[in-house]
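Colleague: Quick one: structure below, then a few questions.
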Amino acid sequence: MQNFTLVKFRTMSKDTASVASHLASSSSITPLGSFLRKTKLDEIPQLWNVLKGEMSLVGPRPSLFNQEELINARDALGVYSLRPGITGLAQIKNIDMSTPELLAKTDAEMISTMSVANYFKYIFLTFAGKGQGDRVGR
Numbered sequence: 035m036q037n038f039t040l041v042k043f044r045t046m047s048k049d050t051a052s053v054a055s056h057l058a059s060s061s062s063i064t065p066l067g068s069f070l071r072k073t074k075l076d077e078i079p080q081l082w083n084v085l086k087g088e089m090s091l092v093g094p095r096p097s098l099f100n101q102e103e104l105i106n107a108r109d110a111l112g113v114y115s116l117r118p119g120i121t122g123l124a125q126i127k128n129i130d131m132s133t134p135e136l137l138a139k140t141d142a143e144m145i146s147t148m149s150v151a152n153y154f155k156y157i158f159l160t161f162a163g164k165g166q167g168d169r170v171g172r
């Protein structure tokens, strides 16, 4: 696992705690941020990370440095053999970082079944609106 700075649009107010999305309050999301998240336009800046070779279009979503349970579960399943991605099987299935074991297993499943056809299928399904994006707490 290689650390890098993930480029994203700010969709939450500046005073929001630096935590995973599922731990943040939904009241933290700005009106523009809500639109960006619903349309998945908040992912566009990550194309810079793809161009720099830090990410792929498809792969397991990068975790925060402090999500130890997820990092350990992914490490045990060999998930870090694939470059992180903007979208993947977990995003299509609406599995987020609030369920680290399930997320790691789904990432491992994606890796074991990865093919050129599945790569483009995940991209297509993401653009077609499959998946809800990062869930935010209440």
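Numbering (the numbering used here), first residue to last: 35 to 172.
The beta carbon of each residue, even a glycine, is placed where N, CA and C say it ideally should be.
Could you round the C-beta distance between P96 and L40 to whole angstroms and report it? I think they count as a contact, below 8 Å.
Modeller: Here residue 96 refers to the residue found at position 62 of the sequence shown. Here residue 40 refers to the residue found at position 6 of the sequence shown. Contact holds; Cβ gap of about 6 Å.
Colleague: How many Å lie between Y156 and S62 at the Cα?
Modeller: Here residue 156 refers to the residue found at position 122 when the sequence shown is read from its first residue. Here residue 62 refers to the residue found at position 28 when the sequence shown is read from its first residue. Those two C-alpha atoms are separated by around 29 Å.
Colleague: In chain order, what residues of the same chain lie with their CB nearer than 6 Å to the CB of S90, ignoring the 5 residues before and after it?
Modeller: Position 56 of the sequence shown, counting from 1, holds the residue named residue 90. The residues are R117, G119.
Colleague: State the DSSP-derived secondary structure class of T121, mapped to helix, strand or coil.
Modeller: Indexing the sequence shown from 1 puts residue 121 at position 87. Three-state DSSP puts T121 in a strand.
Colleague: Check whether the region 142-149 and the region 119-131 are in contact - that is, three or more C-beta pairs closer than 8 Å.
Modeller: Because the criterion of three Cβ pairs below 8 Å is met, the region 142-149 and the region 119-131 touch.
Colleague: Can you tell me which residues form a DSSP beta bridge with M46?
Modeller: By one-based count along the sequence shown, residue 46 stands at place 12. I63, per the DSSP bridge assignment.
Colleague: By Cβ distance, which residues of its chain are closer than 7 Å to V113, with the 5 residues on each side in sequence left out?
Modeller: As a position in the sequence shown, residue 113 is number 79, starting the count at 1. P94, A138, D141, A142, I145, listed in sequence order.
Colleague: Determine the DSSP secondary structure at L70, reduced to helix, strand or coil.
Modeller: Position 36 of the sequence shown, counting from 1, holds the residue named residue 70. L70: helix per DSSP, three-state reduction.
Colleague: Three-state secondary structure (DSSP) at L91?
Modeller: As a working mapping, residue 91 is identified with position 57 in the sequence shown. It is a strand residue.
Colleague: Can you give me the Cβ contacts of N106 inside the same chain, cut-off strictly under 6 Å, excluding the 5 residues immediately before and after it?
Modeller: Position 72 of the sequence shown, counted from the start, is the residue given in the question as residue 106. Result list for N106: empty, nothing under 6 Å.
Colleague: Name the residue from L75, E103, Q36, W82 whose alpha carbon lies nearest to the alpha carbon of S132.
Modeller: Counting from one through the sequence shown, the residue named residue 132 turns up at place 98. Comparing Cα positions, the closest option is E103.
Colleague: Which residue wins for smallest C-alpha separation from F161, given the options F38, I126, V150?
Modeller: Translated into the one-based positions of the sequence shown, residue 161 becomes position 127. Of the listed residues, the one whose Cα sits closest to F161 is I126.
Colleague: Put F158 into one of helix, strand or coil per three-state DSSP.
Modeller: Here residue 158 is taken as the residue at index 124 of the sequence shown, counted from 1. Residue state, collapsed to three classes: helix.
Colleague: Below 8 Å between beta carbons: does that hold for N83 and F38?
Modeller: Against the sequence shown, residue 83 aligns to sequence position 49. Against the sequence shown, residue 38 aligns to sequence position 4. Yes. Within cutoff.
Colleague: What do you get for P134, buried or exposed, if any count of 16 or more other CB atoms within 10 angstroms of its CB means buried?
Modeller: The residue labelled residue 134 in the question sits at position 100 within the sequence shown. Classification for P134: buried.
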